[in-house]
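Engineer: First residue of the sequence shown: 2, per the working numbering; consecutive thereafter. Cβ atoms here follow ideal geometry from the backbone N, Cα and C, with glycine treated the same way.
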Amino acid sequence: MRFWLLLPFLFFFSSVIAQQTAYQQFEVDTVAEPRGGISFLKTFIQTNFRKPVLAEAKGIGGRIIISAIVEINGSVSDVKLMNSIRPDCDREAARVFGLFNAWKPAQKDGHAVRQQVTFPVTFKPNTPFAYMGGARIDYFGSDGKPVLEDSSRAAFKRVTPMDTNGIPSGDVSVYEMKNKNWKEYFRLLLIRKKSGKHNISNKQLYAIGTQNYNQFWEGEVFVLDEMQKLVSLAYYENGKRAGSELNFHLNGAVAEKNEEMDGKSTNTTWYTNGQIKQIKTVGEIKALVQNEPEQVTAYWDSTGHQKVKDGNGYAIYQTRVRSKSDTVRHTLFIEQGAYKNGFKHGNWTGRYIDNSYFFEEQYDKGVCQFGKARVGEGDTVRYSVLEKQPEFPGGLQGLGEFLSNNLQYPRKAQQAGAEGKVFVSFVVCTDGTLCDYEVLKSVHPDLDKEAVRVVQKMSGRWKPGFQRGQKVRVKYNLPINFSLY
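So, in structure tokens, the structure goes:
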């Protein structure tokens with residue numbers, strides 16, 4: 002009796018042992034490989050690897066060999082280091098490799114099996130810099146070019162406080178060498194403010210970075226959530242984004258990368274498991290004008306199958322959104338249709354699976370020809386323009402004339418010699434009125450008040466914006482210039 006009771010346990014134990022077997026590459030019929038090929042894994046690692054600040058200060062580069070097991074579901078486990086460069090780089094290499102869980106598992110005797118894999122995580126050396134007292138220190142000559150070999154020849158010194166994750170922690174100070182002493186030349190103020198965006202849980206996000214005397218972002222700007230988790234990272238020069246912008250999944254993996262070039266942006270997105278999702282090109286987005294359609298080069302579904310290649314194919318997108326019937330709840334938004342030469346073509350449909358929203362549209366070369374949409378049990382709305390921006394009578398020229406005719410220069414600001422551009426943010430509501438006024442960039446208290454007063458005077462004059470035949474709220478940032486000459 003006791004023997005028979007042991008049998009189920011022995012069978013269970015044997016199955017666990019069999020399941021835990023991890024084969025070597027030469028023991029399987031088909032080896033495990035990243036979906037899409039090695040090049041996609043390399044791109045993922047290069048995009049996600051962030052060299053630790055202390056290693057960057059030393060200019061360290063190198064190659065760390067990672068060992069891991071590819072499970073039968075395509076994920077990785079038992080991530081280990083085969084060699085070491087330094088602890089912080091080792092941890093980062095293991096972190097990044099562990100984020101990629103989009104593998105084709107190995108095959109043996111017609112079945113998916115676990116397999117041991119190794120892969121190099123390589124990062125290039127960089128120009129070293131001084132990092133002391135929690136701050137990066139850079140030296141420059143009188144021509145503004147970096148001085149690397151001998152800091153005693155430097156004419157300027159820049160001190161950038163940052164923690165070991167690279168997040169700014171204080172004002173950036175620039176010093177000039179005067180009479181063999183460093184004198185402060187100017188500084189960029191550390192700013193932490195609400196970013197105007199919320200995460201999927203509707204939690205407030207905060208932007209952290211430094212601003213110049215014009216109150217424009219200068220350098221790296223981090224967007225963090227309330228738990229200090231990184232949401233996005235971008236580099237700015239005098240308020241304009243330069244280079245790439247990264248947005249992150251909740252697990253820390255890069256979700257989206259935008260790279261600007263020649264007035265257009267190349268947008269690459271990934272699924273949470275590291276599987277590449279889409280590559281597309283987006284033209285420069287301008288207010289108050291019709292923008293050119295985006296162009297999709299490639300699209301993969303979540304299982305790694307490429308559905309759009311060289312701009313041609315059929316795509317099905319699935320995104321979590323807020324329900325139209327209950328904004329507290331989230332639902333799944335499914336949009337699908339064909340691409341031809343990179344542009345939406347033919348019939349496209351979209352729906353919320355809780356039936357709170359639906360649309361159907363016809364496209365030609367990426368431009369919507371006509372469509373219909375319905376919110377919940379409401380009436381079906383028909384339209385021929387996908388999106389229509391709010392309009393001020395007379396367009397941009399009419400807006401400029403209104404500002405010049407109504408703007409007054411406050412006397413105290415004149416006497417103080419205050420001038421510059423005040424940036425005011427506002428929302429054009431669905432009835433043409435304006436609301437949610439905010440001064441984004443201040444010049445002088447009286448100039449700020451005057452700018453807001455004139456913007457408020459425009460309320461009720463606007464034609465509201467439309468999206469899929471329905472009026473929508475649209476946010477604008479408007480620069481208002483005050484000049485004494």
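Once DSSP output is grouped into helix, strand and coil, what is the label at I39?
Structural biologist: Here I39 sits in helix by DSSP.
Engineer: Report yes or no: do three or more beta-carbon pairs, one from the stretch 81–94 and one from the stretch 102–109, lie closer than 8 Å?
Structural biologist: Too few Cβ pairs lie closer than 8 Å, so no.
Engineer: Would you mind reading off the limits of the alpha helix (DSSP H) that contains K413?
Structural biologist: First-last of the alpha helix (DSSP H) with K413: 412–416.
Engineer: I'd like to check one pair, R159 with V148: are the Cβ atoms closer than 9 Å?
Structural biologist: No; because the gap between Cβ atoms is not below 9 Å, this pair is not in contact.
Engineer: Out of L400, G377, C369, T381, state which residue places its alpha-carbon closest to the alpha-carbon of L387.
Structural biologist: Per the Cα distances, C369.
Engineer: Just verifying my parser: in three-state terms, what is the DSSP assignment at E93?
Structural biologist: The answer is helix: DSSP assigns E93 an H, G or I state.
Engineer: Which stretch, first to last residue, makes up the alpha helix (DSSP H) that contains P446?
Structural biologist: Element bounds for P446: 446–458.
Engineer: Which complete beta strand (DSSP E) runs does the stretch 375–400 hold, if anything under 3 residues is left out?
Structural biologist: Those beta strand (DSSP E) runs which fall completely within the stretch 375–400 and span 3+ residues are 382–384.
Engineer: For H306, count the other beta carbons within 10 Å of its own beta carbon; 16 or more makes it buried, fewer makes it exposed. Which is it?
Structural biologist: Looking at its Cβ environment, which holds fewer than 16 other Cβ atoms inside 10 Å, H306 is exposed.
Engineer: With three or more C-beta pairs closer than 8 Å as the rule, is the stretch 90–102 touching the stretch 245–261?
Structural biologist: Touching, yes.
Engineer: Output the boundary residues of the beta strand (DSSP E) element that contains K125.
Structural biologist: From DSSP, K125 is part of no beta strand (DSSP E); its letter is neither H nor E.
Engineer: Quick check on this structure: which residue in K413, E378, E451 has the alpha carbon closest to the alpha carbon of N407?
Structural biologist: With distances taken between Cα atoms, N407 lies closest to E451.
Engineer: Let's see if you can read the secondary structure: which residues bound the beta strand (DSSP E) around K241?
Structural biologist: Its beta strand (DSSP E) spans residues 241–249.
Engineer: May I ask you to report which of helix, strand or coil DSSP gives A254?
Structural biologist: Residue state, collapsed to three classes: coil.
Engineer: Where does T31 fall in DSSP's three states?
Structural biologist: Three-state result, T31: strand.
Engineer: Spell out a yes or no on whether the stretch 438–454 and the stretch 337–344 are touching, meaning 3 or more CB-CB pairs, one atom from each, closer than 8 Å.
Structural biologist: No, the stretch 438–454 does not touch the stretch 337–344.
Engineer: Kindly list the residues whose CB is nearer than 6 Å to the CB of P9, restricted to its own chain and excluding five residues on each side of it in sequence; keep chain order.
Structural biologist: Caution is warranted here: a pLDDT of 48 is assigned to P9, below 50, making its placement in the model unreliable, and no coordinate value can be reported.
Engineer: Tell me whether R469 is buried or exposed, calling it buried when 16 or more other Cβ atoms sit within 10 Å of its Cβ.
Structural biologist: Counting Cβ neighbours within 10 Å, R469 comes out buried, since at least 16 surround it.
Engineer: Return the first residue and the last residue of the alpha helix (DSSP H) that E57 is part of.
Structural biologist: It spans 54–59 - the alpha helix (DSSP H) in which E57 sits, taken as one unbroken run.
Engineer: Would you kindly work out how many angstroms separate the C-alpha atoms of G377 and G134, rounded to a whole number?
Structural biologist: Taking the straight line joining both Cα atoms gives about 58 Å.
Engineer: So if DSSP puts S357 in a beta bridge, which residue, or which two residues, is it bridged to?
Structural biologist: In DSSP, S357 forms no bridge with anything.
Engineer: What's the C-alpha gap between Y410 and S426?
Structural biologist: Approximately 20 Å, taken between the alpha carbons.
Engineer: Grouping DSSP H, G and I as helix and E and B as strand, with all else coil, what is P465?
Structural biologist: Looking at P465 - three-state DSSP - the assignment turns out to be coil, as it is neither helix nor strand.
Engineer: Considering V80, what are the terminal residues of the beta strand (DSSP E) in which it resides?
Structural biologist: Run containing V80: 77–82, per the beta strand (DSSP E) assignment.
Engineer: Would you mind working out which of Q116, V54, T44, V455 sits nearest G22, comparing C-alpha positions?
Structural biologist: A small correction: the amino acid at residue 22 is Thr; Gly does not occupy that position in the sequence shown. Looking at the Cα atoms, Q116 is the closest of the given residues.
Engineer: For the candidate residues M178, V114, T123, whose alpha-carbon lies nearest to that of G62?
Structural biologist: Looking at the Cα atoms, T123 is the closest of the given residues.
Engineer: Buried or exposed for I46, please, with buried defined as at least 16 other CB atoms from any protein chain shown within 10 angstroms of its CB.
Structural biologist: With 16 or more Cβ atoms within 10 Å of its Cβ, I46 is classed as buried.
Engineer: I'd like to confirm the pairing. Which residues does DSSP put opposite I168 in its beta bridges?
Structural biologist: Its beta-bridge partners do not exist; DSSP assigns none.
Engineer: For V29, which residues from the same chain have a beta carbon less than 8 Å from its beta carbon, with the 5 sequence-adjacent residues on both sides left out?
Structural biologist: Excluding positions up to five away in sequence, the list reads A107, Q108, K109, V114, Q116.
Engineer: Residues in the same chain with beta-carbon distance under 6 Å from D327, minus the five sequence neighbours each way, listed in chain order, please.
Structural biologist: The answer is none, since no qualifying residue turns up.
Engineer: Cα separation between L190 and N213?
Structural biologist: Computed Cα separation, rounded: 7 Å.
Engineer: Can the beta-carbon of I317 be found closer than 9 Å to that of A299?
Structural biologist: In this structure, A299 does not lie closer than 9 Å to I317 by Cβ.
Engineer: Here's the rule I'm using: 16 or more other beta-carbon atoms within 10 Å means buried, otherwise exposed. How should Y315 be labelled?
Structural biologist: Y315 is exposed by the Cβ-count criterion.
Engineer: Closest by CA to F217, which one among E34, E361, K241?
Structural biologist: Selected option, being the one with the closest Cα: K241.
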